[in-house]
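Each residue of the sequence shown is one higher than the one before, starting from 106 at the first, in the working numbering. Glycine included, each C-beta is placed from N, C-alpha and C at the ideal position.
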Amino acid sequence: MSSPLDRLFIARNSRTLRASSYDRSGGNGDNIQIKPGQTAVLADIRGAGVIRHIWFTFPTDDPMIRRKLVLKMYWDGEENPSVNVPVGDFFGQGWGMKYNWMSLPLSAAPRDGSALNSYFPMPFAKSARIEILNESDKEMGAFYYYIDYELFASDKALYEAYGIAGDGKDVHLAYFHAWWNRELTQPSPDSGGYENEWACLGPWAQNPSDKDNYLLIDAEGFGHVVGVNLFIESPTPMWYGEGDDMWRIDGEKWPGSLHGTGTEDFFNTSWCPDEVYMHPYYGYAHVPKVFGWMGRTHAYRFLLEDPIRFSKSIRGSIEHGHANVLTLDLSSVTYWYQTEPHKVMPPLQPVELRAKNMPEIGVIEVHRWRHAWREAMLAKRREKGEPTDAPLWGNERDEE
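Quick look at the structure:
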């Protein structure tokens, strides 16, 4: 296993540069302002190089600003962005929330997760442009940033420094990409159309395909997947994670080359985890602490030592519950490298939907469910002519 420390003694001919929001007058107003609807160009770099580090912070009173600001990245003059992701989700903060977390390539640091960092290397042969689009209805009054990068004398010097194969015409330079997705899932009709997790409402369902799975990536080209941030909001205390991850590479049919055994298994944990645990490569950065697994869970895995490689195409997905039986609000960012051109990504969810979370379910709602269940049980007893004065605890079953 390699380490960044292994490369510290290697000197090479490149320049270290930075694009930042520093006050050009020499004062302390080290930020920029971004008006509603405005796209701010944070970096517009010419030449061959590698983005090494990105740091953002932005004080605001808008609780959903992390979903309303969109990060866009373009490499080598391309028309369609290789990255088009809400800022918070890109850096590993879901639901517009702000919280501390850490991994090797991404982190949100104190104070209270307000400092967003990326250490993903992002190479380019001719140019790089990084933008922020403000889709809120308020001015972003103080946006602070660093974009640290190294620049080489030529694209050939870049290729030689990193041992990239090619003769200048067919160079296998893999560019950084990221895609955000979100879906409010529903129980699959093929699995009965109801939320029969753990076979609690009937026989186990079967799912011999990936057609109703939640989509993590659908890309075309030559490259490798290096990470997934998955944000799960569950309206039930039932364990949400019986869903398998499935990866079909280069057009292969289901079940594909890589087929998993459960959601937490893909994220390198086990047995329905409900605790925060952060490893450099994987973990659970946010978990609910109210009632079972009801609420918001952030799971992540970075495939830095074991990337998922593809030569022509890749489709990665995950079931929402075993056999896709659960209603979940799922969102994700998948990170990968590939040669250009890339398949044009679907447009982002409109901001008015993107910045709206499902209402959180609390103890009162659970009590109302209990009341509705009690009323249904009493109605069945009346229908059968049975006594209705016996207490109902909450887990009785109708034997019919």
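Remark: C-beta atoms of S422 and W352 approach each other more closely than 9 angstroms. For V438, no alpha helix (DSSP H) segment is defined; the enclosing uninterrupted segment is the beta strand (DSSP E) at 434-443. Here the region 142-152 lies against the region 249-262, with 3 or more beta-carbon pairs under 8 angstroms apart. Counting only the Cα atoms, P492 lies some 49 angstroms from L458.
In the three-state scheme derived from DSSP, where H, G and I count as helix and E and B as strand, Y267 is classed as helix. Annotated three-state conformation of F163 is coil, per DSSP. Taking the Cβ atoms as the reference, A279 lies roughly 37 angstroms from V430, outside the contact range of under 8 angstroms. In terms of Cβ geometry, Y267 and E288 do not form a close pair [threshold 9 angstroms]. Per DSSP, the unbroken beta strand (DSSP E) holding L256 starts and ends at 245-257.
Sequence-distant partners of W474 (beyond 5 residues in either direction) whose C-beta falls short of 6 angstroms from its own C-beta are missing from its chain. The Cβ atoms of A390 and G197 sit closer than 9 angstroms to each other.
For D167, the CB contacts under 8 angstroms within the same chain, skipping 5 residues up- and downstream, are K173, S241, K243 in chain order. M399 and P340 do touch by the CB rule: their CB atoms are close to 7 angstroms apart, below 8 angstroms. Non-local C-beta neighbours of M227 in its own chain, meaning closer than 6 angstroms and more than five positions away in sequence, comprise I156, F281, ordered along the chain.
Note on geometry: alpha-carbon atoms of G397 and E183 lie some 46 angstroms from one another.
Uninterrupted alpha helix (DSSP H) stretches at least 4 residues long and entirely within the region 458-494 occur at 468-489, given in chain order. Within the region 174-232, the alpha helix (DSSP H) runs of at least 4 residues that lie entirely inside it are, in chain order, 192-195.
C-alpha of A495 to C-alpha of R486: approximately 10 angstroms in a straight line. In this structure, Y251 sits near H158, with a CB-CB distance shorter than 9 angstroms. Classified as exposed, E265 has fewer than 16 neighbouring CB atoms from the shown chains inside 10 Å of its CB. Between the alpha carbons of K394 and S212 lies a distance of about 22 angstroms. Residue pairing from DSSP places H329 in a beta bridge opposite R414, Y442. Here N118 really is in contact with A262; their C-beta atoms are around 7 angstroms apart, less than 8 angstroms.
Here W180 is buried. Its C-beta has 16 or more other C-beta atoms within 10 Å. Take A460, set aside five residues on each side of it, and the residues of its chain with a beta-carbon closer than 6 angstroms to its own are M169, R172, K173, in chain order.
Excluding its 5 nearest sequence neighbours in each direction, M463 has C-beta neighbours in its own chain below 8 angstroms: L289, E338, P340, D434, listed in chain order.
Looking from the CA of D355, the closest CA among D349, F371, E325 belongs to E325. Classified as buried, T439 has 16 or more neighbouring CB atoms from the shown chains inside 10 Å of its CB.
Rounded to the nearest angstrom, the Cβ distance from E380 to E347 is 19 angstroms, too far for a contact under 8 angstroms. By the criterion of a C-beta distance shorter than 8 angstroms, F327 is surrounded in its chain by H277, A279, F415, S416, K417, Q443, T444, once the five residues flanking it on both sides are discounted.
Residue state for E288 is assigned as strand, using DSSP reduced to three classes.
CA-CA distance, F372 to Y224, rounds to 20 angstroms. Each residue's CA atom was taken as its position, placing P451 and Y127 some 35 angstroms apart.
In the three-state scheme derived from DSSP, where H, G and I count as helix and E and B as strand, I170 is classed as helix.
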